[in-house]
Each structure stands twice: as C-alpha cells, then as structure tokens.
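Chemist:
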Amino acid sequence: MLIGGLGKGGRSYYAIDVTDPSAMTSENAVAGKVLWEFPSRSLLPTGSGGTCTTNCIDIGYSYGDPVVVKTARYGWVVVLSSGYNNVDGKGHIFLVNPTNGALIKDISTGTVLSSGMAHPSAYVLDYSDYTADAVYVGDLEGRVWRFPLNNVDTAGNYPAPTIIAKLSLPTVGTTPGTAQPITTQPLIEIDPATRRRYVMVGTGRLLDSTDISDSQQQTFYAIVDGYSDQFSTTALDGDSWPAVRSDFAQVESSDGTIPRKADMKNKAGWAIDLGTTNNVGWRVINSTTAYNGIVGFTSVLPSGDECNPSGTSRVYAVTFSTGSSVLDNQVDYLGLNSVVIDYNFLNINGKVQPVIGDNKGNLDKIGGTFYTSKSRALTWRELSNIH
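Just so you know, the sequence shown maps onto residues 29 to 415 in our numbering.
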C-alpha cells in the first residue's frame, strides 16, 4: 500500500494498492488500484472546496507524510494531520483505517487555534510490536504538541493533547518574542546512556516567496519529555508544560578547541540558535536524523525564487544530552555551497558513516567522532516457503 498527500495540489490523502507494480501500465490502470481517498469531497468543508456543512473532516493542504503505526485500542492506523490553511484554524490529528480510509478518531486541539499542524511523528518504544504511545507535531506558531495514544476512556476517546513547548525568540522587556514556525517532523529519540526521551525539532519555513528573504532567527531545540517508557507530566526543569525559551540551556559556540556544551542543570532541554547571514535567517526545512545518541540536522540559507530554489547549507552533528558537536576538529557545523536535502547515518561493518545528498545530486561523507554499538535483534522468526 502506498499512502500520500497532495501538497499544495489539494486537501486530501490517498492510498494505492502497489502489490503488483507490473499491473500499473497506464493512468487508468493506476486509477483502478486506488483504495481510498481521505476525506471524500462530501466530507470536506465547503470552505475547502467540498460539499460538507456539518460533521466535516477539516483538512487543509496535505503536506505532511502519513504515519502508519499500531495503537493499543484500535490496532493499525494511519495518522494524518490537518495541514495548512484548514477552515476552523484548529489542529487535528486523524486516525484512519488503513483498509478502507474510514475515520476512526478526530483528535483536535480544542479551543486552541493551531495554524499549520502539518508534519506528525509517532513515538514507538518497541519496534517488535510497533505500538505508539504518542504522536508529536509542531505548528506555525512554534508549538510542539503531544497527542497521547496510550490511554482511552470508556467511550474510546483519547485525552486532550498537551503543548510541551512554545518556541519563540527571547522576550524583550514585556514584549513576547516572535513565534518560531515548525515545518518539519519532530524527531523522537532515546538517549542510550540516560534513557531520556528527546523530542528534537528545528524551526523555520520556506512555504512561499516571502519566506526566502525572511530575517527571523531560527533555532534547533531538544526537549526532554520523560523517559523511554513514559512521557512526563512536567518539563525537566520542574515547571509545568509548555517549556518556553528561558527553560532551555543555550548551547554556546565552540572555538574549535573547547567543545560547546549545554549546562542542562534545571533545564527542559537545550537550544542552538542558527544565526543570520546578510540579514537572512538560517532555518531548518528538511528532515532530521539520528544514530546512537547523535542527532544530525541541516540549516538552509535560501536564495533564488520559490520555483527554482537554491542556497547554501550548514551540517550539524551533536549529542542528544548536551548539544556538543562531534564533527572533526569540534567545529560547530560544516558549510556547503548547496542545499542538503538528505542526511543519513550508515552503519557499514560496525563503522558509522554519515552521508549527505544535495540538490545538485552530489553525495558527501561527513567526518567526525561517531559512536558505534553492536546490533541488537528486536525479534526474529523463521521464514519458510519464500517465493
């Protein structure tokens, strides 16, 4: 099954049966393999081009990747988000039946408006079982939401979501700092040493032409949310959720000889400001990756136009626990004269090698001190009669 969205092209998601690729010989043949579309036009609000007026499914532009996970109550589901520019302005997480596209649950942000909740990510503790205990998602107002999936009431309803962070620039006097938009999936990982759960996300946007020259400073954050087997009812610093700018330890720049390191005492996590160049802000607009206690991410300084984007990139590799760089010579980042669009850690014969790919089709290795660990099987079973 192939599940995808329409981006700026529409307000729905689709599922296609791709069991037999050889059968997809024409557009009509592919159309015959469509399993479902969510929502149908009859369930989409009239303000979004649908015909629905009551009990509608309010989805905006479907930019986010579908997330397929198992839930303790409803089994396997497809997690979809309300996306950009939906009608009611609230954030929604939809749990959808993967077989027929039927709505199982619509979990909303309630009375809180949440513009642009587009890129959900599920946390799965045990990949031999694949059951998710929560979905995390950011929005354009700098909020990081946690939707718990590990508990339901007698009616089968989930608890209300929690805003675990409100990300913004520093407050100046009595003026609140400007919100930092989130347009990528949060990455949820466990520190192998402490077993703490880190929700890591960068801020910034590149959705239209006005974003290219945006001067706002953006930041990469690591938010501590409990431990591997349970999320937390309060921030790590003891304050109630959401964590705000002052709750994070600022990772100071390195001079190349002394590694930068955040002082995590009484802090909810750490933050790395990405800076500006020529009054244009660096921002995170691509996926984040991780391996064995190290998170890799890139920031981009865009140029050109929205139809032919270009620019430069900075490549980071830092530890979960303190934000310390593990790159060669302890530099803060590596600079590239291209836009990095893919970043992965590869484990080749026990040796870790980060590799990046850019918009020009180049592949490059990254040098640094990357920890290795022995592979551990999650589960196994005997396979027979394989054809």
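By construction, the Cβ of each residue, glycine as well, lies at the ideal position given by its N, Cα and C atoms.
Consult DSSP for R171 and reduce its assignment to one of helix, strand or coil.
Modeler: If DSSP states are grouped into helix, strand and coil, R171 belongs with the strands.
Chemist: Taking the alpha-carbon positions, what's the T47 to M29 distance?
Modeler: So the alpha carbons of these two residues sit roughly 7 Å apart.
Chemist: Just tell me which of L177, D392, I87 and F398 has its CA closest to the CA of V380.
Modeler: Comparing Cα positions, the closest option is F398.
Chemist: Between N185 and the rest of its own chain, which residues show a CB-CB distance below 8 Å, the 5 nearest in sequence each way excluded?
Modeler: Within the same chain, N185 has close Cβ partners K133.
Chemist: Looking at the strands, I want to know which residues DSSP matches up with L374.
Modeler: According to DSSP, L374 bridges with Q381.
Chemist: Taking contact to mean 3 or more Cβ pairs, one atom from each stretch, closer than 8 Å, check whether the region 218-234 and the region 346-358 are in contact.
Modeler: Judged by Cβ distances under 8 Å, the region 218-234 makes contact with the region 346-358, as three or more pairs qualify.
Chemist: By Cβ distance, which residues of its chain are closer than 6 Å to K27, with the 5 residues on each side in sequence left out?
Modeler: Residue 27 lies beyond the residue range present for the chain, which begins at 29 and ends at 415; the question has no answer from this structure.
Chemist: Which of helix, strand or coil does DSSP assign to L71?
Modeler: Helix, per DSSP.
Chemist: Could you spell out where the beta strand (DSSP E) holding A43 opens and where it closes?
Modeler: Element bounds for A43: Y41 to I44.
Chemist: Taking buried to mean at least 16 other C-beta atoms within 10 Å of its own C-beta, is G166 buried or exposed?
Modeler: Looking at its Cβ environment, which holds 16 or more other Cβ atoms inside 10 Å, G166 is buried.
Chemist: List the residues that DSSP assigns as beta-bridge partners of M145.
Modeler: G111.
Chemist: Pick from G303, G389, Y361 and A193: whose alpha carbon is nearest that of V252?
Modeler: Of the candidates G303, G389, Y361 and A193, the one whose C-alpha sits nearest the C-alpha of V252 is A193.
Chemist: Taking DSSP's pairing of strands, which residues face F248 in a bridge?
Modeler: Paired residues: G230 and I300.
Chemist: Please report how far the alpha carbon of D291 lies from the alpha carbon of V328, in whole angstroms.
Modeler: Going from the Cα of D291 to the Cα of V328 covers about 27 Å.
Chemist: I376: buried (16+ other C-beta within 10 angstroms of its C-beta) or exposed?
Modeler: Counting Cβ neighbours within 10 Å, I376 comes out exposed, since fewer than 16 surround it.
Chemist: Let me check one thing: in DSSP terms, what residues is T326 bridge-paired to?
Modeler: T326 is bridged to V343.
Chemist: Can you say whether E169 is buried or exposed, counting buried as having 16 or more other CB atoms within 10 angstroms of its CB?
Modeler: Per the 10 Å Cβ criterion, buried.
Chemist: Using the Cα positions of T285 and N357, report the straight-line distance between them to the nearest angstrom.
Modeler: Bear in mind that the predicted position of T285 carries a pLDDT of just 45, short of 50, making it unreliable; the figure below should be weighed with that in mind. Their Cα atoms are separated by approximately 7 Å.
Chemist: Please identify the residue among S243, K61, S110 and N114 whose C-alpha is closest to the C-alpha of S76.
Modeler: Minimum Cα distance to S76 is reached at N114.
Chemist: Give me the Cα-Cα distance between Y371 and K388, rounded to the nearest whole angstrom.
Modeler: Distance between the alpha carbons of Y371 and K388 is about 14 Å.
Chemist: Using 9 Å as the threshold, is the C-beta distance between H147 and T247 below it?
Modeler: No. Outside cutoff.
Chemist: What is the DSSP secondary structure of R273, counted as helix, strand or coil?
Modeler: Of the three classes helix, strand and coil, the one that applies to R273 here is helix, per DSSP.
Chemist: Indicate the three-state DSSP secondary structure (helix, strand or coil) for S23 in the structure shown.
Modeler: As displayed, the chain neither begins before 29 nor continues past 415, which places residue 23 out of reach and without an answer.
Chemist: Excluding the 5 residues flanking I85 on each side, which residues of the same chain have their C-beta closer than 6 Å to its C-beta?
Modeler: Result list for I85: P67 and L71, in chain order.
Chemist: Under the rule that 16 or more other beta-carbon atoms within 10 Å means buried, what is K295, buried or exposed?
Modeler: With 16 or more Cβ atoms within 10 Å of its Cβ, K295 is classed as buried.
Chemist: Per DSSP, which residues does Y361 bridge with? Please list them.
Modeler: DSSP lists no partner for Y361.
Chemist: Determine the extent of the alpha helix (DSSP H) in which A59 is found, giving its start and end residues.
Modeler: Its alpha helix (DSSP H) spans residues E55 to A59.
Chemist: If you reduce the DSSP assignment to three classes, tell me which class A162 lands in.
Modeler: In the structure shown, A162 sits in a strand (DSSP, three-state: E or B).
Chemist: What's the gap between the Cα of V163 and the Cα of D257?
Modeler: Cα-Cα distance, rounded: 14 Å.
Chemist: Out of S90, S338, V124 and F325, which one is the CA nearest neighbour of I394?
Modeler: Per the Cα distances, F325.
Chemist: Taking 8 Å as the threshold, find out whether the region 173-187 comes into contact with the region 198-208 through three or more Cβ pairs.
Modeler: No, they do not touch.
Chemist: Using the three-state DSSP reduction, which class does D253 fall into: helix, strand or coil?
Modeler: D253 falls in the strand class under three-state DSSP.
Chemist: From R224 to V58, what does the alpha carbon distance come to, in whole angstroms?
Modeler: Approximately 45 Å, taken between the alpha carbons.
Chemist: If you measure between the beta carbons of D301 and Q244, is that distance less than 9 Å?
Modeler: No. Outside cutoff.
Chemist: Quick check: what's the CA-CA separation for S156 versus S241?
Modeler: Distance between the alpha carbons of S156 and S241: 45 Å.
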